[in-house]
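In full-length UniProt numbering, the protein residues as written are 1 to 149.
Here a beta-carbon is modelled for each residue, glycine too, at the ideal position from N, C-alpha and C.
Some notes on the structure that comes next.
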């Protein structure tokens with residue numbers, strides 16, 4: 001009986017895992033298929049940098065997010081509406097136009113010999129990674145909260 005429960009539990013786990021792979025899939029798309037908001041963001045802040053590839057992350061209920069890989073190696077993630085969620089410069093300096101001024105100013109004032117290489121916008125906060133490896137955390141209004149280890 002004990003072995004039967006272990007086997008049943010393992011099978012349930014495998015089916016759930018397989019179901020996740022079936023329903024959650026990345027699909028390559030053309031950059032023109034991105035939401036208008038995402039296309040405008042790329043045209044404004046990454047002007048002249050070609051899109052290397054774009055992926056649509058699909059869930060059971062529709063599109064969850066879009067991932068765009070630029071020709072210069074940077075990656076931009078958008079939510080289902082096309083609003084940016086994360087921009088990863090892959091150790092390159094990010095364009096600052098979309099980063100809230102309070103975050104840019106805090107980083108420049110307190111860490112003058114660094115630059116922002118990654119920024120994440122979450123529901124209640126922002127996270128910014130600096131070129132020296134420090135991770136800074138800010139509230140939704142861009143006020144500094146802490147250095148994250």
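Select from the options the residue whose C-alpha is nearest the C-alpha of residue i.
i           : options            : result
residue 34  : 148, 77, 140       : 77
residue 110 : 68, 47, 42, 135    : 135
residue 124 : 139, 130, 118, 117 : 139
residue 119 : 107, 81, 80        : 107
residue 67  : 127, 137, 115, 28  : 28
What is the C-beta distance between residue i and residue j, in whole angstroms, given that I count them as a contact (C-beta under 8 Å)?
i           : j           : result
residue 234 : residue 142 : Since the displayed the chain opens at 1 and closes at 149, residue 234 lies outside it and no answer follows.
Kindly list the residues whose CB is nearer than 8 Å to the CB of residue i, restricted to its own chain and excluding five residues on each side of it in sequence; keep chain order.
i          : result
residue 21 : Reliability of the predicted coordinates at residue 21 is poor, the pLDDT of 45 falling under 50, and no value is obtained from them.
residue 84 : 38, 41, 76, 77, 78, 98, 121
residue 32 : 39
residue 96 : 104, 116
residue 18 : With a pLDDT of 44 at residue 18, under the threshold of 50, the modelled position of that residue is not reliable, and the figure given next carries that caveat. Cβ neighbours of residue 18 beyond the five flanking positions: none.
To the nearest angstrom, report how far apart residue i and residue j are at their CA atoms.
i           : j           : result
residue 147 : residue 70  : 29 Å
residue 72  : residue 46  : 10 Å
residue 101 : residue 61  : 35 Å
residue 56  : residue 86  : 15 Å
residue 44  : residue 94  : 13 Å
residue 30  : residue 53  : 8 Å
residue 145 : residue 36  : 33 Å
residue 74  : residue 64  : 20 Å
residue 114 : residue 105 : 12 Å
residue 137 : residue 50  : 30 Å
residue 26  : residue 80  : 13 Å
Could you pull out every residue in the same chain whose Cβ sits closer than 6 Å to the Cβ of residue i, ignoring the five residues on either side in sequence?
i           : result
residue 117 : 89, 91, 129, 131
residue 82  : 35, 37, 38
Would residue i count as contacting chain C if we go by Cβ distances under 8 Å?
i          : result
residue 52 : The chain inventory of the structure shown lacks chain C, comprising one protein chain alone.
Can you list, in chain order, the residues of its chain with a C-beta nearer than 7 Å to that of residue i? Leave out the 5 residues immediately preceding and following it.
i           : result
residue 112 : none
Pick out the complete alpha helix (DSSP H) segments inside the region 36 to 119, 4 residues or longer, and give them in chain order.
-> 36 to 45, 101 to 110
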